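Report on the following structure.
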Amino acid sequence: MKSDIAAPGAIAPPKPAGAAAPAVDPLAAVRSHSVSELEADLGSLLRSAQPSCPLQEKAPDGSPRVPSLISVWLISQVGKAVGRPKLVNLSKVRRDDLRSLGGVARVVHRALHPVPSEAKAS
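Next up, the structure:
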């Protein structure tokens with residue numbers, strides 16, 4: 038469709054199909070990871086999404102300290118990756134677990150690997 042209004046600039050050329058490299062999802066195999074592997078995965082996800090987010094400050098558990106809002110976002114990203122949008126019930130999560138990457142990794146690991154009820158009783 039033609040227009041009488043002149044375009045202010047040149048039209049961008051189309052992007053060639055298949056030129057972009059496939060993105061590597063750091064959470065692709067999250068179901069089989071240990072807590073320490075999950076912590077590393079969550080740290081790399083956070084650094085890729087927010088390069089300006091400092092991770093130098095340590096929490097009491099020795100892992101990097103993160104704001105609880107960032108922790109909730111990280112949990113939601115893992116939930117999306119595994120196909121469970123509501124991975125955990127946040128009202129049942131201890132506040133201290135949401136203040137460090139290690140705490141978030143432990144919460145995610147518990148959600149992905151629940152302990153059977155008969156094992157809890159012993």
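Last residue of the sequence shown: 159 in the working numbering, with the numbers rising by one and none dropped. Cβ coordinates follow ideal geometry from the N, Cα and C atoms, glycine included. Please read these numbers as outputs of a predicted model, since none were measured by experiment.
Excluding residues up to 5 positions away in sequence, 78, 82, 114, 115, 118 lie with their Cβ nearer than 7 Å to the Cβ of residue 64 in the same chain.
Residue environment for residue 128: exposed (fewer than 16 other C-beta atoms within 10 angstroms of its C-beta). Setting aside the 5 residues that flank it on each side, residue 111 is surrounded in the same chain by 79, 141, each with a C-beta closer than 6 Å to its C-beta; the list follows chain order. Taking 8 Å as the cut-off, the beta carbon of residue 105 is found closer than this to the beta carbon of residue 135. Along the length of the segment 91-125, whole alpha helix (DSSP H) runs at least 4 residues long occupy 105-119, reported in chain order. Under the three-state reduction of DSSP output, residue 137 falls in the strand class.
Setting aside the 5 residues that flank it on each side, residue 122 is surrounded in the same chain by 116, each with a C-beta closer than 7 Å to its C-beta; the list follows chain order. DSSP, reduced to helix, strand and coil, places residue 149 within a helical segment of the structure shown.
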